[in-house]
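Engineer: Protein chains in written order, with my numbering: chain E, 2 to 246; chain P, 5 to 362.
Heads up, the beta-carbon is just placed ideally off N, CA and C, and yes, glycines get one too.
Got a structure here, written out as structure tokens. Questions coming.
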């Protein structure tokens, strides 16, 4: 089966500053793939490149067979995105947030849209909060609702930017479990940007580690392998929570 | 291939991809077909379903609910069965009450009045305690606010003043000409501008530009918990945020009124000169019909209007609710409240100046 996301020799510079250069890896369908690394290594930049919000300085990204550079509209139809802050629309209830994409992109009647949105929210454990506004729910619930919104049209790929950031360990573990359940139930591919080590070890099938100092990819593989066998001092330090030698 | 259904005796067969993008027409047909079978056993045949996403699964669950009785599923793939099982587990039992959002209706009249009185009291207390809290004031903030409220409003005030002076002159010249009193247009416009229109119009501009900006800025701070942060740091929000805005608005108001008066007179003068009156005659009429008390009364009224507009704008912002909608509502409340308060105060001044013979 061909990779669902293919990243080839991608570089990003902002003026004289190089964020990363010549990054290449593939993401397979149905896997939970984690992009990790320290602050400022370019994790979110790479995510923006995959969504088409940022054009790479050089290199090529293909998503579900479509080039991000040439056909970004087709790419976006295959991707649901959960932004770091949730980015829910504050004046809409959680149900309305999820139903928005259904109203815009499908010809479903209103009752059907609401029923589907209700089920998506139930799927992320928010069946009892459908009529609440984002300001009236907790941070963890906002992130769950943002995942439900990203799931609205059942895209084959879900990109989650820092889903566990700022959450307590119990909520964070619940979110990790949710990601795995959704992957199993929907068969979707998850690309998760995070630097939360417990989450990485819990959910990732494979991960790619970026490093600001090396200006690029320094490790690629299953997290358990990287934790046990990595030779790169930064990778070893990251997975063992140490200061690099 | 689009999704479709075939109804048989006690069975419904679904065909094609059951995904969000292709269910629009099928959904009502499927629900109707399932409800028609109410009371009899129903079999849903999914053998010919090529893809089933959560929207498709939602349709099957909705059909089960519409039927209301035992439904047997046949031909479902293991993945479809797993998805349906997961959704059934996730959904709450029917009839489970869900919390509703806090009503967003405006507070009752009495509660609204209480909020306003409390805010006014807090501002008065901040003013009284100001000598002890001078460190809370930031000069840069004051000058930034004064610049935005005053200097940046100047072109608008000049343009509106000139146009209103012209319009008043044109409109009043026609009836006054019938009595041969064209030149008295200068008296009429000058008195109107100095005593009423100058301060009133500038206050309306201030409410629209500055009052709304105060409400939006402070409302955003409220939504972002910056006001709570100030309070917990021991910094009194009325002292740091309200007093500089009120002072800046009161300070720029006389300058804007002078600009409005002068540009209005120039507009009126240009019309009268167009009618053939010499500039010296127009100036003589203005100086003869108005005195310093008219001009000063206008400035004094304007400063009171400015204080009211600034206070109402700040109050709307600091008492804003949650979310982006609250910021919009605060800005609207600031403009409406500012204009209404200005007109009410103007009425009060009219009665007072009549009583005092000013």
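Assuming residue 53 of chain E contacts residue 44 of chain E (C-beta within less than 8 Å), just tell me the rounded distance between them.
Structural biologist: Not really, about 17 Å apart at Cβ, beyond 8 Å.
Engineer: Evaluate contact between the stretch 185-195 of chain P and the stretch 280-289 of chain P, counting only Cβ atoms and requiring at least three cross-stretch pairs below 8 Å.
Structural biologist: They touch, by the three-pair rule.
Engineer: Distance check for residue 211 of chain P and residue 185 of chain P, CA to CA, integer angstroms please.
Structural biologist: Each residue's Cα considered, the two are about 36 Å apart.
Engineer: With distances taken between CB atoms, is the gap from residue 48 of chain E to residue 160 of chain E smaller than 8 Å?
Structural biologist: Yes, Cβ-Cβ distance for residue 48 of chain E and residue 160 of chain E is below 8 Å.
Engineer: At 8 Å on the CB atoms, spell out the chain E contacts of residue 4 of chain P, in chain order.
Structural biologist: With chain P represented from 5 up to 362, any question about residue 4 of chain P goes unanswered, as that position is not in the structure.
Engineer: Evaluate residue 98 of chain E with the Cβ neighbour count: other Cβ atoms within 10 Å of its Cβ, from every protein chain shown; 16 or more gives buried, anything less gives exposed.
Structural biologist: Buried, by the Cβ-count rule.
Engineer: Taking any Cβ of chain P, which residues in the stretch 124-138 of chain E have a Cβ under 9 Å from it, in chain order?
Structural biologist: Listed by position along the chain: 124, 125, 126, 128, 129, 130, 131, 132, 133, 134, 135, 136, 137.
Engineer: Does the Cβ-Cβ distance between residue 346 of chain P and residue 311 of chain P come in under 8 Å?
Structural biologist: For residue 346 of chain P and residue 311 of chain P, no; Cβs fall outside 8 Å.
Engineer: Using only CA atoms, which one of E/138, E/6, E/234 lies nearest to residue 31 of chain E?
Structural biologist: Among E/138, E/6, E/234, the Cα nearest to that of residue 31 of chain E is on E/6.
Engineer: Thinking C-beta only, is residue 169 of chain P closer than 8 Å to residue 268 of chain P?
Structural biologist: For residue 268 of chain P and residue 169 of chain P, yes; Cβs fall inside 8 Å.
Engineer: Going by beta-carbon coordinates alone, are residue 67 of chain P and residue 38 of chain P separated by less than 8 Å?
Structural biologist: It is a contact, given that the beta carbons lie within the stated cut-off.
Engineer: Among E/69, E/137, E/227, whose alpha-carbon lies nearest the alpha-carbon of residue 91 of chain E?
Structural biologist: Ranking the options by Cα distance to residue 91 of chain E, first place goes to E/137.
Engineer: Ignoring anything shorter than 4 residues, give me the alpha helix (DSSP H) runs that lie fully in the stretch 210-261 of chain P, in order along the chain.
Structural biologist: The qualifying runs are 216-227, 230-236.
Engineer: With 7 Å as the limit, tell me which residues of the stretch 319-353 of chain P have their beta carbon closer than that to any beta carbon of chain E; keep them in chain order.
Structural biologist: Those residues of the stretch 319-353 of chain P that come within reach of chain E (Cβ to Cβ, closer than 7 Å) are 326, 327, 328, 329.
Engineer: If contact means a Cβ-Cβ distance below 9 Å, which residues of the stretch 16-33 of chain P contact chain E?
Structural biologist: From the stretch 16-33 of chain P, only 23, 24, 25, 26, 27, 28, 29, 31, 32 have a Cβ closer than 9 Å to chain E.
Engineer: Between the stretch 206-224 of chain E and the stretch 57-71 of chain E, are three or more C-beta pairs nearer than 8 Å?
Structural biologist: Touching, no, given that fewer than three Cβ pairs across the two stretches are closer than 8 Å.
Engineer: Return the first residue and the last residue of the alpha helix (DSSP H) that residue 115 of chain E is part of.
Structural biologist: Element bounds for residue 115 of chain E: 111-124.
Engineer: From the DSSP output, which residues share a beta bridge with residue 79 of chain E?
Structural biologist: Answer is none; residue 79 of chain E lacks a bridge partner.
Engineer: Unbroken alpha helix (DSSP H) runs of length 4 or more, entirely within the stretch 124-152 of chain E: which are they?
Structural biologist: If we require 4 residues or more, the alpha helix (DSSP H) runs fully inside the stretch 124-152 of chain E come out as 140-151.
Engineer: Using a Cβ-Cβ distance cut-off of 8 Å, determine whether residue 226 of chain P contacts chain E.
Structural biologist: No, no contact with chain E.
Engineer: Determine, using beta carbons only, whether residue 62 of chain P comes closer than 8 Å to chain E.
Structural biologist: Taking Cβ atoms only, chain E reaches closer than 8 Å to residue 62 of chain P, which makes this a yes.
Engineer: Can you find a C-beta in chain P that's less than 8 Å from the C-beta of residue 88 of chain E?
Structural biologist: Taking Cβ atoms only, chain P never reaches closer than 8 Å to residue 88 of chain E, which makes this a no.
Engineer: Kindly confirm or deny that the stretch 169-178 of chain E and the stretch 131-146 of chain E touch, where touching means at least three C-beta pairs closer than 8 Å.
Structural biologist: The answer is yes - the stretch 131-146 of chain E touches the stretch 169-178 of chain E, with three or more Cβ pairs under 8 Å.
Engineer: Suppose you measure from the CA of residue 111 of chain E to the CA of residue 28 of chain P; what does that come to, to the nearest Å?
Structural biologist: Straight-line Cα distance between these residues: approximately 10 Å.
Engineer: Just to confirm my understanding: we take residue 168 of chain E, look at its own chain, exclude 5 residues before and 5 after, and list those with CB closer than 8 Å. What are they?
Structural biologist: Answer for residue 168 of chain E: 140, 141, 144, 176, listed in chain order.
Engineer: Going by DSSP in three states, residue 5 of chain E sits in which element: helix, strand or coil?
Structural biologist: DSSP places residue 5 of chain E in coil when its eight states are reduced to three.
Engineer: Which bits of chain P does residue 106 of chain E rub up against, with CB to CB less than 9 Å?
Structural biologist: Result: 24, 25.
Engineer: Going along the chain, which residues of its own chain have a beta-carbon closer than 7 Å to the beta-carbon of residue 293 of chain P, five neighbours each way excluded?
Structural biologist: Within the same chain, residue 293 of chain P has close Cβ partners 191, 194, 195.
Engineer: Can you check which of these residues, P/137, P/146, P/76, P/296, is closest to residue 49 of chain P by C-alpha distance?
Structural biologist: It is P/76 whose Cα lies nearest to the Cα of residue 49 of chain P.
Engineer: With 8 Å set as the bound, which would you pick, yes or no: does the beta-carbon of residue 116 of chain E sit closer than that to a beta-carbon of chain P?
Structural biologist: Output row for residue 116 of chain E: interface = yes.
Engineer: Within the continuous alpha helix (DSSP H) that includes residue 226 of chain E, where are the two ends?
Structural biologist: Residue 226 of chain E -> alpha helix (DSSP H) spans 224-230.
Engineer: What is the C-beta distance between residue 21 of chain P and residue 7 of chain P, in whole angstroms, given that I count them as a contact (C-beta under 8 Å)?
Structural biologist: Indeed, because the Cβ distance is near 6 Å, the residues count as touching under 8 Å.
Engineer: Report the partner residues of residue 208 of chain E according to the DSSP bridge assignment.
Structural biologist: Per DSSP, E/35, E/222.
Engineer: Could you pull out every residue in the same chain whose Cβ sits closer than 6 Å to the Cβ of residue 342 of chain P, ignoring the five residues on either side in sequence?
Structural biologist: So the qualifying residues of the chain are 211, 215, 313, 316.
Engineer: Kindly indicate which residue of P/13, P/121, P/306 has the alpha-carbon position closest to the one of residue 320 of chain P.
Structural biologist: Of the listed residues, the one whose Cα sits closest to residue 320 of chain P is P/121.
Engineer: Rounded to whole angstroms, how far is the Cβ of residue 34 of chain E from the Cβ of residue 207 of chain E, which I believe are closer than 8 Å?
Structural biologist: Contact flag correct, Cβ pair sits at about 6 Å.
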